[in-house]
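>
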Amino acid sequence: MLTRKQQELLLFIHERMKESGVPPSFDEMKDALDLASKSGIHRLITALEERGFIRRLPNRARALEVIKLPEAYSPGLKPQRGFSPSVIEGSLGKPKAPEPAPAPSLKPAANNDFSGAVNVPVMGRIAAGVPISAIQNNTHDVAVPVDMLGSGEHYALEVKGDSMIEAGIFDGDTVIIRDGSTANPGDIVVALVDDEEATLKRFRRKGASIALEAANPAYETRIFGPDRVKIQGKLVGLIRRYH
60 MLTRKQQELL LFIHERMKES GVPPSFDEMK DALDLASKSG IHRLITALEE
110 RGFIRRLPNR ARALEVIKLP EAYSPGLKPQ RGFSPSVIEG SLGKPKAPEP
160 APAPSLKPAA NNDFSGAVNV PVMGRIAAGV PISAIQNNTH DVAVPVDMLG
210 SGEHYALEVK GDSMIEAGIF DGDTVIIRDG STANPGDIVV ALVDDEEATL
260 KRFRRKGASI ALEAANPAYE TRIFGPDRVK IQGKLVGLIR RYH
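Residue numbers (this note's numbering): 60 to 302.
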């Protein structure tokens, strides 16, 4: 399973090679995905190579080989609901705003122990630690009591990491997020950093900057310019399984 950015990069490389036979440069990839630096492209290339979608050919500059494409890929494929604000289509190499996708609807939950529960889509994993790429696909649903949700649209994420343990959020928990782009200081939010990586942190303001604050003294508060952080939703609930 690929993240949105990983899939965008893979399809961009594929279309460019199909058109010209030459892989795009890292600068072209960076511009096409609207990333701030080439370090993000290096991480995406490594992730695609580890997952078996591409291969780097030795002793040749810019030598990449696309081994396979996502199973769901077809020409003109529209993006799924996710965190990234842009999508690469064809070989144009320019960001294009996606068409608004309908938000997941809440469905009555089946075969669960909750009375009056609904199914909320689990959209992948979120880092409670150093940011990792967030998975953009609905992997499964989780039954959530209606009174946990309130108004608005919701999605769920599985927590990876221990940076929020003093807020009662542990590795392996499932957090319920109310979709939205605004937050108040002190809210625990899903924050998208540099249009690429998502993390679960407490939202603070430091003058004109945004601070993403951990709830674990082992982790430093990270400060970003306001243009580098986008709020993807606020924490409204948590589900924990005991084994």
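Backbone N, C-alpha and C fix where the C-beta goes; we use that ideal spot for every residue, glycine too.
Quick one: using the 10 Å Cβ neighbour count with 16 as the cut-off for buried, is PRO83 buried or exposed?
Taking the sequence shown and counting its residues from 1, the one referred to as residue 83 is at position 24. Burial call: buried.
> Among LEU208, ARG184, VAL179, ASP230, whose alpha-carbon lies nearest the alpha-carbon of ARG300?
Against the sequence shown, residue 300 aligns to sequence position 241. It is ASP230 whose Cα lies nearest to the Cα of ARG300.
> Would you list the one or two residues that DSSP bridges to GLU124?
Residue mapping note: residue 124 aligns to position 65 of the sequence shown, counting from 1. ARG114, per the DSSP bridge assignment.
> Going by Cα to Cα distance, which pick from ILE224, VAL179, GLU108 is closest to LEU208?
The sequence position of residue 208 within the sequence shown is 149, counting from 1. Out of ILE224, VAL179, GLU108, VAL179 has the C-alpha closest to the C-alpha of LEU208.
> Of all the options GLU256, VAL125, ALA215, which has the alpha carbon lying nearest to the alpha carbon of LYS77?
As a working note, residue 77 is residue 18 in the sequence shown. Residue VAL125 is the option with its Cα nearest to LYS77.
> Can you give the Cα-Cα distance for LYS137 and ARG63, rounded to whole angstroms?
Position 78 of the sequence shown, counting from 1, holds the residue named residue 137. Position 4 of the sequence shown, counting from 1, holds the residue named residue 63. Its pLDDT being 40, under 50, LYS137 is placed unreliably in this model, and the coordinates cannot settle the point.
> For the candidate residues ILE282, ILE236, VAL249, whose alpha-carbon lies nearest to that of GLY266?
Within the sequence shown, the letter at position 207 stands for residue 266. Closest option to GLY266, Cα to Cα, is ILE282.
> Among residues of its own chain, excluding the 5 on either side of SER98, which ones have a beta-carbon nearer than 8 Å to its beta-carbon?
Looking up residue 98 in the sequence shown gives position 39. Excluding residues within five positions, none has a Cβ falling inside 8 Å.
> I'd like to know whether the C-beta atoms of ASP238 and GLY211 end up nearer to each other than 9 Å.
Working through the sequence shown from its first residue, we reach residue 238 at position 179. Working through the sequence shown from its first residue, we reach residue 211 at position 152. Yes, the pair counts as a contact, with Cβ atoms nearer than the cut-off.
> Within the same chain, show all residues whose beta-carbon is closer than 7 Å to that of LEU103, passing over the 5 residues directly before and after it, in chain order.
Mapped onto the sequence shown, residue 103 falls at position 44. Excluding residues within five positions, the ones whose Cβ falls inside 7 Å are LYS64, GLN65, LEU68.
> CA-CA distance, LYS89 and ALA176?
Translated into positions along the sequence shown, residue 89 becomes position 30. Translated into positions along the sequence shown, residue 176 becomes position 117. One C-alpha to the other measures close to 43 Å.
> Restricting to Cα atoms, I'd like to know which of VAL234, GLY227, VAL205 is closest to GLY183.
Mapped onto the sequence shown, residue 183 falls at position 124. Looking at the Cα atoms, VAL234 is the closest of the given residues.
> What is the DSSP secondary structure of SER164, reduced to helix, strand or coil?
Residue mapping note: residue 164 aligns to position 105 of the sequence shown, counting from 1. The pLDDT assigned to SER164 is 45, lower than 50, so where the model puts this residue is not dependable; a value taken from the coordinates is nonetheless given after this. Coil.
> Determine whether the Cβ of ASP253 lies closer than 9 Å to any Cβ atom of chain B.
In the structure shown, chain B does not exist; there is a single protein chain.
> For the segment 239 to 268, list the beta strand (DSSP E) runs that are entirely contained and at least 3 residues long, ordered along the chain.
The segment 239 to 268 contains these whole beta strand (DSSP E) runs: 247 to 252, 256 to 265.
> Can you name, in chain order, every residue of its own chain whose Cβ lies under 6 Å from the Cβ of ALA270, other than the five neighbours on each side?
For the purposes of this step, residue 270 is identified with residue 211 of the sequence shown, where counting begins at 1. Taken in chain order, the residues that qualify are ARG263, THR280, ILE282.
> Could you check which residue in ILE236, GLY292, GLU225 has the C-alpha nearest to that of TYR278?
Here residue 278 refers to the residue found at position 219 of the sequence shown. Minimum Cα distance to TYR278 is reached at GLU225.
> How long is the line joining the alpha carbons of ILE298 and LYS260, rounded to whole angstroms?
Translated into the one-based positions of the sequence shown, residue 298 becomes position 239. Translated into the one-based positions of the sequence shown, residue 260 becomes position 201. Distance between the alpha carbons of ILE298 and LYS260 is about 17 Å.
> Should GLY284 go down as buried or exposed, given a rule of 16 or more other Cβ atoms within 10 Å for buried?
Taking the sequence shown and counting its residues from 1, one reaches residue 284 at position 225. Exposed, by the Cβ-count rule.
> Tell me the DSSP bridge mates of HIS199?
Locating residue 199 in the sequence shown gives position 140, counting from the first residue. HIS199 is bridged to VAL181.
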